[in-house]
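Residue numbers (this note's numbering): 19 to 364.
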């Protein structure tokens with residue numbers, strides 16, 4: 019088995035969050051424990067290291083060993099701060115045993131598919147989107163194994179046009195997936211299609227040996243029928259449930275639910291997260307993301323930014339740059355946001 023195949027296998031088997039499978043993007047370094055029982059992907063920024071996708075290992079013991087060896091290597095290299103992004107609360111006891119700071123950064127929206135039927139008043143909005151799109155003759159289907167040249171061109175065009183309309187005007191490099199149609203591995207693509215064209219598509223990342231899929235990327239035409247995206251999400255969730263998939267993630271709701279203090283968190287980072295959610299949605303609409311995803315009534319799993327040995331201003335600035343939030347607050351990003359607002363698309 020090649021190194022690339024091994025990385026993919028670990029992400030597929032042991033990934034537990036929407037971003038675990040992003041380790042396959044090929045834009046990060048890989049650290050593997052001495053016994054080859056665990057690995058993680060990271061980005062190096064001078065004296066700061068950022069781990070994205072969590073600890074990929076089969077057992078708690080393997081995770082502990084992986085973390086011990088990784089911290090030892092970073093100490094030898096005199097790394098100032100190691101930041102683990104989007105760590106689930108269930109993994110915090112292990113991290114806290116190393117004396118880290120762990121600050122809530124949002125929640126992952128997870129749906130237990132086999133316990134969800136989308137009936138009742140609480141799902142009325144999403145069912146209404148489905149009904150409307152059906153009347154508009156939209157159908158949802160998987161195209162992962164039937165990507166012809168025409169469909170590829172459509173998906174690439176929709177993706178490029180969608181990204182162009184975002185605040186940054188470009189794909190994020192590390193914290194969100196990029197479209198690699200020639201190397202999907204075990205990702206799956208679902209489309210919402212009208213009579214003569216694709217209106218929207220989503221890319222789902224696998225994890226937990228295929229018992230878990232995350233709707234990690236979603237793109238749509240600017241003139242797609244109203245409700246095309248929630249229609250496609252609902253249809254995909256229904257299909258995944260029929261296959262016996264246990265869980266589906268709607269990806270992260272950043273900065274949501276961060277106003278409660280947690281043991282060993284950092285007060286300054288907690289304040290920044292709260293302030294962004296309450297006051298900076300004109301830059302990045304975290305409230306809008308939460309509102310949309312809440313329509314599907316997901317369970318919120320708390321996610322944390324874990325800093326070793328502790329949070330530092332330099333580490334947070336490094337993260338700010340890595341998240342490419344500087345592109346949002348740049349003059350071009352602010353101008354793009356203003357234009358979208360006044361044109362009614364913000």
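We put the beta carbon where it would ideally sit given N, CA and C, even for glycine.
Below 6 Å CB to CB, which residues in the same chain sit around residue 316 once its five sequence neighbours on both sides are set aside?
-> 127, 128, 129, 268
Going along the chain, which unbroken runs of the alpha helix (DSSP H) with 4 or more residues stay wholly within the stretch 137-222?
-> 142-153, 167-182
Burial state of residue 186 (16 or more Cβ within 10 Å) = buried
What are the uninterrupted segments assigned as beta strand (DSSP E) that are 3 or more residues long and contained completely in the stretch 76-136, given in chain order?
-> 99-106, 119-130
Residue 292 by DSSP, collapsed to three states: which one?
-> helix
Span of the alpha helix (DSSP H) around residue 22 | 21-32
Tell me the start and end of each unbroken alpha helix (DSSP H) in the stretch 246-333 that is at least 4 residues and wholly inside, in chain order.
-> 246-260, 285-297, 304-312
Are the stretch 108-118 and the stretch 325-341 in contact at 8 Å, needing three or more beta carbon pairs?
-> yes
Straight-line gap, residue 139 to residue 314 (C-alpha atoms, nearest Å) = 12 Å
Take residue 158 and list the residues in its own chain whose beta-carbon comes closer than 8 Å to its own, dropping the five residues that flank it on each side.
-> 208, 209, 210, 211, 249, 250, 253, 254, 257
Look at the alpha carbon of residue 279 and the alpha carbon of residue 320, and state the distance between them as a whole number of angstroms.
-> Rounded to whole angstroms, residue 279 and residue 320 show a C-alpha spacing of 13 Å.
With DSSP collapsed to three states, give me the class of residue 337.
-> helix
Express the C-alpha separation of residue 72 and residue 203 in angstroms, rounding to a whole number.
-> 20 Å
Endpoints, beta strand (DSSP E) assigned at residue 62 | Segment 56-63, the beta strand (DSSP E) holding residue 62.
Write down the C-beta distance between residue 101 and residue 246 rounded to the nearest angstrom, noting that I regard them as a contact closer than 8 Å.
-> 36 Å between Cβ atoms; not a contact.
Ignore the nearest five residues each way along the sequence and tell me which others in residue 82's own chain have a CB closer than 7 Å to its CB.
-> Same-chain partners within the cutoff: 112.
Reference residue 231; option with closest CA among 238, 201, 266, 216 | 266
Which of helix, strand or coil does DSSP assign to residue 363?
-> Interpretation of residue 363 is limited by its pLDDT of 47, a score under 50 that renders its predicted location unreliable; no figure is taken from the coordinates.
Three-state secondary structure assigned by DSSP to residue 50 = strand
Contact with chain D by residue 75, beta-carbon distance below 8 Å | In the structure shown, chain D cannot be found, because there is only a single protein chain.
Alpha-carbon to alpha-carbon, residue 125 and residue 318 = 5 Å
Of the residues 29, 27, 31, 342, the one placed nearest residue 188, counting alpha carbons only = 342
Starting from residue 236, trace the beta strand (DSSP E) both ways and give me its first and last residue.
-> For residue 236, the enclosing beta strand (DSSP E) stretches over residues 230-238.
Residue burial classification, residue 205 (beta-carbon count within 10 angstroms, cutoff 16) | Residue 205 sits buried, since 16 or more C-beta atoms from the chains shown fall within 10 Å of its C-beta.
Give the C-beta separation of residue 43 and residue 80 to the nearest angstrom, bearing in mind that I take them to be a contact with Cβ-Cβ under 8 Å.
-> Contact flag wrong, Cβ pair sits at about 23 Å.
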